Structures are given as structure tokens and as C-alpha cells.
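In what follows, a single structure is set out as C-alpha cells and then discussed.
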Amino acid sequence: MDQFAEWLAAQETFNESAYWLATAYAIWVGDATRTARSLYFTPPRLADRVIKNLVTQGASLTQHHWHDPACGGAAFLVPIAQGMAKACQELGLSARATLKKIEESLSGSDLDETLIYLSQQFLLMALAPLIAAAGHQPKVSIRCADGLTARGVNGAYDVVACNPPYRKLKATEVARYGGRYATVIEGQPNIYGLFIDRALSIARRGGLIGLLTPTSFLSGTNFSKLRTKLLSHSDVLQIDMLSDRTSMFIDVEQETAITTLRSREPSRAVATTTSVAVLGNDGDFATAGTCLLPNSGRPWAIPRSPEDAALLLAAEQCEARLRDYGYVARVGHLVAYRDERVRHAARPPASKGKVVFPLVWATDISPQGQFIHGREQRLARPELFVEVDAVSQPGVTRRPSVLLQRLTSSDQRRRLVAAPVPADWLAEHGGFVSENHVIVLEQIAETPWLPQVFARLLQTETVDRVFRSMSGASNVSLFELNELPLPRPEALNPLDALEEAFDAVVERAYLGYGCDVLSNDSVGVSRHGHQ
523 MDQFAEWLAA
533 QETFNESAYW
543 LATAYAIWVG
553 DATRTARSLY
563 FTPPRLADRV
573 IKNLVTQGAS
583 LTQHHWHDPA
593 CGGAAFLVPI
603 AQGMAKACQE
613 LGLSARATLK
623 KIEESLSGSD
633 LDETLIYLSQ
643 QFLLMALAPL
653 IAAAGHQPKV
663 SIRCADGLTA
673 RGVNGAYDVV
683 ACNPPYRKLK
693 ATEVARYGGR
703 YATVIEGQPN
713 IYGLFIDRAL
723 SIARRGGLIG
733 LLTPTSFLSG
743 TNFSKLRTKL
753 LSHSDVLQID
763 MLSDRTSMFI
773 DVEQETAITT
783 LRSREPSRAV
793 ATTTSVAVLG
803 NDGDFATAGT
813 CLLPNSGRPW
823 AIPRSPEDAA
833 LLLAAEQCEA
843 RLRDYGYVAR
853 VGHLVAYRDE
863 RVRHAARPPA
873 SKGKVVFPLV
883 WATDISPQGQ
893 FIHGREQRLA
903 RPELFVEVDA
913 VSQPGVTRRP
923 SVLLQRLTSS
933 DQRRRLVAAP
943 VPADWLAEHG
953 GFVSENHVIV
963 LEQIAETPWL
973 PQVFARLLQT
983 ETVDRVFRSM
993 SGASNVSLFE
1003 LNELPLPRPE
1013 ALNPLDALEE
1023 AFDAVVERAY
1033 LGYGCDVLSN
1043 DSVGVSRHGH
1053 Q
């Protein structure tokens, strides 16, 4: 423990030391408690970015009241207080007047009493020189309260800054919060979506909101209502994308975004554009241009690099989807740990009343886009065939198909790892069953886009860039796949898919040859209902 204390003291800034101490507390309470309470704290550099964005948009450190409804280890409260102190001193206020101003202009809440105590102590330590000069110890209001239900705060704050907890809500919590947050709850909600809605209500009209959250709200089907509400209750001023999650957070497996909003009077949701910045490998944010935010609940495609902005603005105008190429997406039917059907390492002799089909695993899809049945399963999980009751049983695929790995991440070279099912292999076996880490794109109509050429389209860097921009989760969801904009099939020649230059052909199709290029006066209206 002494070594840890010495290490904390050796950090470059007090805020770094406070962050690591709060993180240590989260580790000490154990994985179960940490997960249940979502104890993942904000690195100082990201807190500083949230605050800087808010100040840039007009938040005042001397005239406005700032609030964090899930203040945790004071990751926002401390730098805000430090910024207030500096701004007040620049105005010539005395040490005592500065501390009084901070008392009046800063507040927070949290459910963890230990973190509240830590937050209070961190604030006192950060303000120690002023406290010594003034002979006054400030009492910043940090309430032990549920930030989602605390009373008497609607419209109370000029500025809200928050890194809300993120985890799926339990059934009891859905029952507790359902009435209050019915306008944004759908499917299996995540608690951070409720905090985003809460921020809209506790900020005054015209007030500013800075949020550090996972990116899943930008695209996930369970956040469709929230996206629509954001466009009807706020102006989305800027979105910063932080794709390199491993350098930002400990044990966090999702991409992260910083979103800056301005609350306003509710009105009909309209499609709009917002500014986008991307965190580069050098640690600096680079402007990535603007992107269109549709108002229909569809995913928001956000550039992951400055080069993506023009491509995505054009892609938003493309009307073609998987079905236009003759395919429909389905998740694999077999869940390995609970499916009771008999599985075999090799095809068994025919048994009475049973039909045997190959069992396809996600590892059968190679990173290079090849399908090899049993590619990595022969020793680790030698279950390559499964018995079913009938050929017509749900989950048996008998049509030409393309397979996708369902679990991919932003760290991988491709988010869409696709492989065509060889026609001779399908003919030999008559069909197959997939486990649930595989997505099957099944051909449902006559089309010149046979699996080998349609898979090549999905394998292009261009299509992957478009999908990556609209997928904020670690799994490839059917919702996002079905919303993936593609150039019109007639704008591409399937034979070109066999050429090395096909990627450039696809990019040209997106940028104008296969869809309507976004013009200056078409931002507000498109054929997808972006009214």
C-alpha cells in the first residue's frame, strides 16, 4: 500500500492521482460490485475534452451552474472546480469569493457513499491553496441520490457534464424507471440511455450538455427512440469519436463518444448535420467534417476518420439495402451451450427419423473471407455435424448464402468478415445449420449477385468503412445490417467484383455513380423520411 501511495504521489497531476485512486477503489470492491455499479471512471484527458467542448459552445465557468448527476470519483467536478477557480482569479475575485462562487455553481449526485466521500476530499485537495488563503472550507453539494430520480431538479442546471454508468437494466429497474423514461425505453435498455434522457430534462432550455458514453446509442436498435428524442429536444452540436478504447479506459470493451448538446424547447424531430472530430493516434482530435443525423430512428453514421465524411454523406442518400441484392439476414439458430440436439465430430450413418447437416461455426469463416468447414474446430470443439428432426426444421439453410462473423470489433481490420458458402459444398450436403455467432445472408431471389460476388462487395474496404461508421457495438447486429446503405445493384457490374480495382468502383458508386450525391439544399430532406 505504501508503494501505491508513492506511485500516486509521483503522477504528473493531482487529477491523474485522483483518477487512479478512484479506479483502485473500483478494483478493490471486486468484479461483481464493479460491474453491478458500473464503476468505470473518466480519464482526466477525456474529462478535459468534455469541459473544453462545453466552454467552446458557450458554457461559462463564472456565470453558470454545472452539475454531474453520476459524479463517481469527481472526474468532472474537480477539473470544473479548478477551471472555475482560475476564471474567478482572472476576474480579480478574492480567494474567499472564489470558493463561494464554486459552492454556488457546482453540484453532483451519486449512489455510492464512499465515492461521494472521495469526491468531497478530492475537491478539498484540489482547492487546498485557495482554502488556506481564505481560511474557508467550501461545501460543494454532492447528494447521495439516484441521479435518475432525484426530485426538484428539472431545468435547474445551466450545464450538465456526465460519464453515466453503462450496463443493461435489470427487470426490476425497468419496472422502477419505466414510467418516467417510457419515451426512450425499448427492447432491453441500457442505463446510460436513461441518463442521456435525464440530462435533457435537468438542463435548462438553452443549457449545454456534455456526455461521455459508449457509441452504441448512435446506432443500436434499442436506442431508436432516444435518437429521435435527441433531435426533437436538443441541438446536437458536436460528436467526438474515440475508437481506440484500450488507451482510454481499463476493462472497457466498447468504443466511446463525447457528445455535446444544447437543450431546447421540444419540436418535431428534423434531420440535421453535426460536427465530428476524431481522436488520432497522436492523442489530438482532428476535425472529420460534418455528418447527417436522420430523424427516423435509423442509425447515425459517424465518420471514424476525416476521409470518411464525404463518403458517408453520399451513402446516406443510397436507398439500396440487402434485399435489393436478393438477400436476407438471419442469426444462426443453434446456441451451443443450451441446444440439446445431438452433435458429431464426423457425419454419422443415417439414423431413423433424423437428418444430419453440417454445423457451421464462426471460426469456419477465415479473416481472408474463405469458408472452410471445421477450420479451427477439429481439436478445440470437434462438433461438425448436428442431427435435426426434418429438412424443413427452422435453422436449416438450404439456399445459396454468404456467412458473416457476428462478433467483431473496431480493433479488427474488417468489421464485416464475410465468406461465400461454396456451391459444390452446399450441393453435397443439401444444407447446413449455423450456430448463433454466425449471421447467414440467405439468397431469397434470383439475382446476378451470387454469393461469391456479393461476399466480395461486403469485403471491400469501402463497404466496411460505411458499416463501421454506423456500428457502435462489438456485435454485427441485424438492425445495422438491414440499414446498411449500398449503391444501387444496377450501378455495379457483378463481374467487376472479380477485379482487383473493385473497391475503387464501389467507392465511385457511393460518391455519385450509384446514388444521388448530397447537395447543399438536400440536407433536410431525403427519400428515407429525413424530414
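Quick note on the working numbering: the sequence shown kicks off at 523 and runs consecutively. Glycine is no exception: its CB is placed at the ideal position from the N, C-alpha and C atoms. No experiment lies behind these values; they were computed from the predicted model shown.
Status (buried if at least 16 other CB within 10 Å, exposed otherwise) for residue i
i, result
"Trp529", "exposed"
"Thr768", "Low local confidence applies: a pLDDT of 42 at Thr768 is under 50, so the model's placement there is unreliable, with the coordinate-based value given in what follows. Exposed is the call here."
"Val539", "Reading off the sequence shown, one finds Ser at residue 539, where the question assumed Val. Under this definition Ser539 is a buried residue."
"Ala837", "buried"
"Ala725", "buried"
"Trp883", "buried"
"Ile772", "Below a pLDDT of 50, predicted positions are generally treated as unreliable, and Ile772, at 42, falls in that range; no measurement from the model is reported."
"Ser741", "buried"
"Met647", "exposed"
"Val774", "Caution is warranted here: a pLDDT of 46 is assigned to Val774, below 50, making its placement in the model unreliable, and no coordinate value can be reported."
"Ala654", "exposed"
"Leu613", "exposed"
"Glu1005", "buried"
"Pro916", "exposed"
"Trp971", "buried"
"Asn676", "exposed"
"Cys666", "exposed"
"Val960", "buried"
Residue i, DSSP secondary structure in three states
i, result
"Thr636", "helix"
"Asp514", "The question about residue 514 has no answer, for the chain in this structure spans 523 to 1053."
"Ile824", "coil"
"Pro736", "strand"
"Cys684", "strand"
"Gln927", "strand"
"Ala531", "helix"
"Gly1034", "helix"
"Ser641", "helix"
"Lys1016", "Lys is not the amino acid found at residue 1016; the sequence shown has Pro there. It is helical."
"Ala791", "coil"
"Ile707", "coil"
"His866", "strand"
Beta-carbon spacing of residue i, residue j below 8 angstroms
i, j, result
"Ala672", "Ser631", "yes"
"Ala607", "Leu640", "no"
"Leu691", "Val706", "no"
"Leu834", "Ala851", "no"
"Asp886", "Arg869", "no"
"Val515", "Arg860", "Nothing about residue 515 can be read from this structure; the chain reaches only from 523 to 1053."
"Pro825", "Gly811", "yes"
"Leu759", "Leu783", "yes"
"Val1028", "Pro1009", "yes"
"Leu815", "Thr794", "yes"
"His755", "Asp680", "no"
"Gln981", "Pro973", "no"
"Val975", "Ala945", "no"
"Ser629", "Ile664", "yes"
Heavy atom of the ligand GTP within 7 angstroms of residue i beta-carbon
i, result
"Asp570", "With respect to small molecules bound, the structure shown includes none, and the ligand GTP cannot be examined in it."
Close beta carbons around residue i, own chain, < 7 angstroms, minus the five adjacent residues each side
i, result
"Glu983", "Asp1025"
"Val661", "Correcting the residue type first, residue 661 is Lys in the shown sequence and not Val. If we look at Lys661 and ignore the five residues flanking it on each side, its Cβ neighbours are Glu625."
"Val962", "Arg852, Gly854, Thr919, Ser923, Leu925, Ser956"
"Asn1015", "none"
"Asn537", "Pro566, Val600, Pro601"
N-terminal and C-terminal residue of the beta strand (DSSP E) that residue i is part of
i, result
"Leu759", "756-764"
"Pro601", "Counting along the chain, Pro601 falls outside any beta strand (DSSP E), though it belongs to the alpha helix (DSSP H) covering 599-612."
"Glu909", "907-910"
"Pro566", "Premise fails: Pro566 lies in the alpha helix (DSSP H), 566-578, not in any beta strand (DSSP E)."
"Ile961", "960-965"
"Thr781", "778-785"
"Glu660", "For the sequence presented, residue 660 should be read as Pro rather than Glu. Where Pro660 is concerned, there is no enclosing beta strand (DSSP E), given that its DSSP letter is neither H nor E."
6 angstroms CB neighbourhood of residue i in its chain, flanking five on each side removed
i, result
"Gln892", "Ala941"
"Val913", "Val877"
"Leu801", "Leu764, Phe807"
"Ala597", "Phe563, Thr564, Ala569"
"Gly1059", "What the structure shows of the chain is the stretch from 523 to 1053, and residue 1059 is not part of that stretch, so it cannot be assessed."
"Ile731", "Val682, Ala721, Ala725, Leu783"
Unbroken alpha helix (DSSP H) run spanning residue i, endpoints
i, result
"Glu1002", "1000-1005"
"Tyr714", "713-724"
"Glu626", "617-627"
"Trp542", "536-550"
"Pro973", "973-981"
"Val850", "Looking at the DSSP string, Val850 is not in any alpha helix (DSSP H); the run it does join, the beta strand (DSSP E), is 849-853."
Sequence-distant residues of the same chain with beta carbon closer than 8 angstroms to residue i, five excluded per side
i, result
"Ala527", "none"
"Gly875", "Asp911"
"Glu695", "Ile713"
8 angstroms Cβ cutoff, residue i in contact with chain B
i, result
"Asn537", "Among the chains in the structure shown there is no chain B, since it carries only a single protein chain."
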